[in-house]
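The structure under discussion appears below in the form of structure tokens.
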Amino acid sequence: MRILEPGDRASLGELVEREQEAGRAVVLVGSGVDRHSVLAAFAEALGVRRARGIRNLDALADTVRELDAPEGTTLVWEATRVHDTDPRTYAAVAGLLADLEAECPDLRIVVDLR
Numbered sequence: 000m001r002i003l004e005p006g007d008r009a010s011l012g013e014l015v016e017r018e019q020e021a022g023r024a025v026v027l028v029g030s031g032v033d034r035h036s037v038l039a040a041f042a043e044a045l046g047v048r049r050a051r052g053i054r055n056l057d058a059l060a061d062t063v064r065e066l067d068a069p070e071g072t073t074l075v076w077e078a079t080r081v082h083d084t085d086p087r088t089y090a091a092v093a094g095l096l097a098d099l100e101a102e103c104p105d106l107r108i109v110v111d112l113r
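Shown next as structure tokens:
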């Protein structure tokens, strides 16, 4: 899992462009301030219908495992706000994403904390 820290000069646009040029699907996940809004951001980015939603970390894990792109998927999570406002949720989601990246060989995770 790649974490973009404050001061990191890597351009998110360039990173996304590189991944797309390699044929990878790129999913951009917006920000949230707590568990509910973070899960809602993942649901929106991953195209999960509102009725089903992503209501807990198990559902998030199942949804990410179902991603199926021929050349793999790069998931970019903008996590600055939740990192600052709800560190427990940040740690839980980041830990889950790290585990999923280790489990799924075609998945790359980028966490943007800038």
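In numbering that gives the first Met the number 0, the protein residues as written are 0 to 113.
Backbone N, C-alpha and C define an ideal beta-carbon position, used for all residues, glycine too.
#### Entry: 7 Å Cβ shell around Leu95 - same chain, five flanking residues per side excluded
Looking up residue 95 in the sequence shown gives position 96. Hits under 7 Å: Leu56, Leu59 and Ala60.
Exercise. Does the region 27–34 touch the region 62–69, meaning 3 or more C-beta pairs lie closer than 8 Å?
Worked result: no
Taking only the alpha-carbon atoms, compute the straight-line gap between His82 and Thr72 and give it to the nearest angstrom. Residue numbering aside, residue 82 sits at position 83 when the sequence shown is read from its first letter. Residue numbering aside, residue 72 sits at position 73 when the sequence shown is read from its first letter. Spanning the two alpha carbons is a distance of roughly 23 Å.
**Asked** What residues in its chain sit with their C-beta under 8 Å from that of Thr79, if we drop five residues either side in the sequence?
**Response** Looking up residue 79 in the sequence shown gives position 80. Within the same chain, Thr79 has close Cβ partners Ser30, Asp111, Leu112 and Arg113.
Using a 10 Å radius around the Cβ and a threshold of 16 neighbouring Cβ atoms, would you call Asp7 buried or exposed? Translated into the one-based positions of the sequence shown, residue 7 becomes position 8. With fewer than 16 Cβ atoms within 10 Å of its Cβ, Asp7 is classed as exposed.
By DSSP, does Arg54 sit in helix, in strand, or in coil? Within the sequence shown, the letter at position 55 stands for residue 54. Note: Arg54 maps to coil in three-state DSSP.
Practice problem: Determine the closest residue to Arg107 out of Asp85, Ala90 and Leu74, with distance taken between C-alpha atoms. | Solution: Here residue 107 corresponds to residue number 108 of the sequence shown, with the count starting at 1. Checked all of Asp85, Ala90 and Leu74; the closest Cα to Arg107 is Leu74.
*Per DSSP, what kind of secondary structure is Leu96 in: helix, strand or coil?*
Translated into the one-based positions of the sequence shown, residue 96 becomes position 97. Helix, per DSSP.
Fill in: Rounded separation between Ser15 and Arg64 - CA only
The sequence position of residue 15 within the sequence shown is 16, counting from 1. The sequence position of residue 64 within the sequence shown is 65, counting from 1. The displayed chain sequence assigns Val, not Ser, to residue 15. Cα to Cα, Val15 sits roughly 21 Å from Arg64.
field: Cβ neighbour criterion (16 or more within 10 Å) applied to Asp85
entry: Numbered from 1 along the sequence shown, position 86 holds the residue referred to as residue 85. So Asp85 counts as buried.
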